[in-house]
Amino acid sequence: MAAAGMEAATQQRRRVRRSALLWALLAAAFYLGFIIMALLRGAK
Amino acid sequence: MAEVLTHAEPHDEHDHTPHGWRRWVYSTNHKDIGTMYLVFACLMFFIGGGAAMLIRLELFKPGLQFFDPQFFNSLTTMHALIMIFGAIMPAWTGLANWMIPMQLGAPDMALPRLNNLSFWILPFAFTLLLGSFFVPGGAPAGGWTMYPPLILQTGAAFPMLIFAVHLMGASSILGAINVIVTIMNMRAPGISLLRMPLFVWTWLITAYLLIAVMPVLAGAVTMLLTDHFFGTTFFTAAGGGDPVMFQHIFWFFGHPEVYILILPAFGIVSEVIPTFSRKPLFGYETMVYATASIAFLSFIVWAHHMFTVGMPLAGQLFFMLSTMLIAVPTGVKVFNWTATMWKGSLSFEPPMLFALAFLFLFTIGGFSGLMLAIVPADYQYQDTYFVVAHFHYVLVPGTIFGIMAGVYYWLPKWTGRMYDLTLAKWHFWLSTIFVNVLFFPQHFLGLAGMPRRIPDYAVQFTDWNMVSSLGGFGFGLSQLLFPYLIWKCVRSGVPIGNRAWEGAHGLEWELPSPPPHHSWTEPPSDAVIARGCAH
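In order, the protein sequence lines correspond to chains G and L.
The numbers in the working numbering rise by one with no breaks, and the one at position 19 of the first sequence is 19.
With positions in the second sequence counted from 1, the corresponding number in the working numbering is that position plus 1000.
Here's what the structure looks like:
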């Protein structure tokens, strides 16, 4: 029972880490991408 | 299927409630962080409210009474920035922190350290922003919309403003990531997406909006920064730039931002009305789809803020019609709330009173929004007090009353004590009467042609300005009841059981009041979920 609980906890931690990274990358890409795109266009 | 952490392994470092300042500074507990957000929001509400009272003081009579025009413009600019980014958004994040894990049967937010970081960014952001009052040139005075070229004339406060906006944006994005990851991964087994409470749903959609639009604001203010300091000419016509482009970029952020401010209020009203009607919410699924539709439409209406800058007829028609389209899902919501009350066993405790006032008064703000959406009419209303009346009806008896409804609804759960219901009703009635005295006359002033953002006005506008100012002072003073009531509740409220309100459903009401430092250390049972998630 305890082993199953630990397994579920590990799985969940992995899922949380994966989706947090995904969303962080998406947000950072938006955040930096928009700024960089604007600056590159401004430099033309 | 999402599963909750079972804590099968030892977690010694989490097993006690820390004390002293470390509890707050190092906190990774969702309730403590939620409390810090709410206290911060309350503080900012009174600072922003103080600025509003000074504005109304200056406008009590025509002529310049107390402030020079530059300082008056700083007051209007800072009032908006403080209220939007310092009061309302942190209040929502505080409520999300407190309630989302408890409503989903989760032990905490998914990313507790990130949670701590996203809160502690805020005091630094607002120290910068408020500190700008004390630098040469004074606080920013170009309006919260930061339109160039005017905003580029800001003195030493300019980089402080830009950096503060970046910090607020970063805090919001981190908070939004945490909310999405929590909702997607931490739901107790058996809580499918369509069994989640409406408050969680509206926050999920709000979090998506935040991630989509805060970077746009960051890009816009970075371009302002480089125009000011690094010789670019994004928004300077003389260098080939276009100031109108800033308005498009800003409002592509700004209009979804309006829905970021209001959607969680829809969620709270959808929790409160069924509780005090003793009936399930009418049309749960349509509420979810209506919220998602509103969020989608919010991306394609931005230029209704700028009809008078000039745009092709097709553009005017598109933005007019897309704006009017928002009335459809909003109408669905208002209908569903009303239908929930239909033949219900209603009672009128303070959360229900605030939710009902929200329903009536937010709808008034919605109707004046429809008037503003009509292009030829907007040419008359643009930049008048009619616009001020419109968005304050949406944001004060809309958003602020939504927050009040939420706090009065869950305060007994948070503290384990019932507050003074009579005092809360006084707070409600004084707020509701004065908010109308404050903002309703501004419709008349706007229709008569009084422009916004001015410290002085023509004498024919005097009477309604006096009425509005008196309403403002009354509304501001009556808000002092709110912190007193909370203090009194914490100190001497009557202890209550798990379920503060007899008609309340939801997993949070299955926990003790106040909930333990760690809420759901074991996932709720199927029976508890069935009881808590019945829509």
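Here a beta-carbon is modelled for each residue, glycine too, at the ideal position from N, C-alpha and C.
| query | result |
| --- | --- |
| Considering just the uninterrupted stretch of the alpha helix (DSSP H) at residue 1173 (chain L), what are its terminal residues? | 1157 to 1185 |
| Given residue 1403 (chain L), which residues of its chain have a CB within under 6 Å of its CB, disregarding the five upstream and five downstream residues? | 1091 |
| Could you name the residues of chain G that residue 1521 (chain L) contacts, counting a contact when the two beta carbons are closer than 8 Å? | Per Cβ cutoff of 8 Å: no residues; residue 1521 (chain L) is ~12 Å from chain G at best. |
| What are the residues that DSSP puts in a beta bridge with residue 1418 (chain L)? | L:1494 |
| Go to residue 1340 (chain L), then tell me how far its alpha helix (DSSP H) extends in each direction, as first and last residue. | 1327 to 1341 |
| Pick out whichever of L:1260, L:1348, L:1371 and L:1220 has its Cα sitting closest to the Cα of residue 37 (chain G). | L:1220 |
| Quick one: which chain G residues come within Cβ less than 8 Å of residue 1111 (chain L)? | 16 and 20 |
| Is it the case that the Cβ atoms of residue 1217 (chain L) and residue 1169 (chain L) are separated by a distance below 8 Å? | yes |
| Measuring only the C-alpha atoms, how far is residue 1158 (chain L) from residue 1523 (chain L)? | 50 Å |
| When you compare only the Cα positions, how much space is there between residue 1525 (chain L) and residue 1507 (chain L)? | 11 Å |
| With respect to the alpha helix (DSSP H) encompassing residue 1478 (chain L), which residues constitute its N-terminal and C-terminal limits? | 1462 to 1478 |
| Please check if any C-beta of chain G sits within less than 8 Å of the C-beta of residue 1012 (chain L). | At residue 1012 (chain L) the pLDDT is 44, less than 50, meaning the model places this residue with poor confidence; the figure from the coordinates comes in the next sentence. Answer no: the Cβ-Cβ gap between residue 1012 (chain L) and chain G never drops below 8 Å. |
| In terms of residues, what are the limits of the alpha helix (DSSP H) holding residue 1259 (chain L)? | 1243 to 1277 |
| Output needed for residue 1012 (chain L): all residues of its chain with C-beta closer than 7 Å, excluding positions within five of it in sequence on either side, in chain order. | Its pLDDT being 44, under 50, residue 1012 (chain L) is placed unreliably by the model, and the measurement read from it follows with that caveat. Once the five neighbours on either side are set aside, residue 1012 (chain L) has no close Cβ partner at all. |
| Whole angstroms is fine: what's the gap from residue 1309 (chain L)'s alpha carbon to residue 1303 (chain L)'s? | 10 Å |
| Using a beta-carbon distance below 8 Å, is residue 26 (chain G) in contact with chain L? | yes |
| Nearest chain L C-beta to residue 39 (chain G) closer than 8 Å, yes or no? | yes |
| If we count Cβ pairs, one from each stretch, closer than 8 Å, do we get three or more for the segment 1367 to 1386 of chain L versus the segment 1421 to 1437 of chain L? | no |
| Would residue 1226 (chain L) pass as an interface residue toward chain G - the criterion being a Cβ-Cβ separation below 8 Å? | yes |
| Can you pull the chain G residues whose beta carbon is under 9 Å from the beta carbon of residue 1087 (chain L), in chain order? | Chain G residues near residue 1087 (chain L): none, gap ~24 Å exceeds 9 Å. |
| Could you tell me which residues DSSP pairs with residue 1232 (chain L) in its beta bridges? | Paired residues: none, contrary to the question. |
| Quick one: is residue 1312 (chain L) buried, meaning 16 or more other Cβ sit within 10 Å of its Cβ, or exposed? | exposed |
| Taking its Cβ as the centre, do 16 or more other Cβ atoms sit within 10 Å of residue 1234 (chain L), making it buried, or is it exposed? | buried |
| Which value, in whole angstroms, describes the spacing of the CA atoms of residue 1371 (chain L) and residue 1388 (chain L)? | 13 Å |
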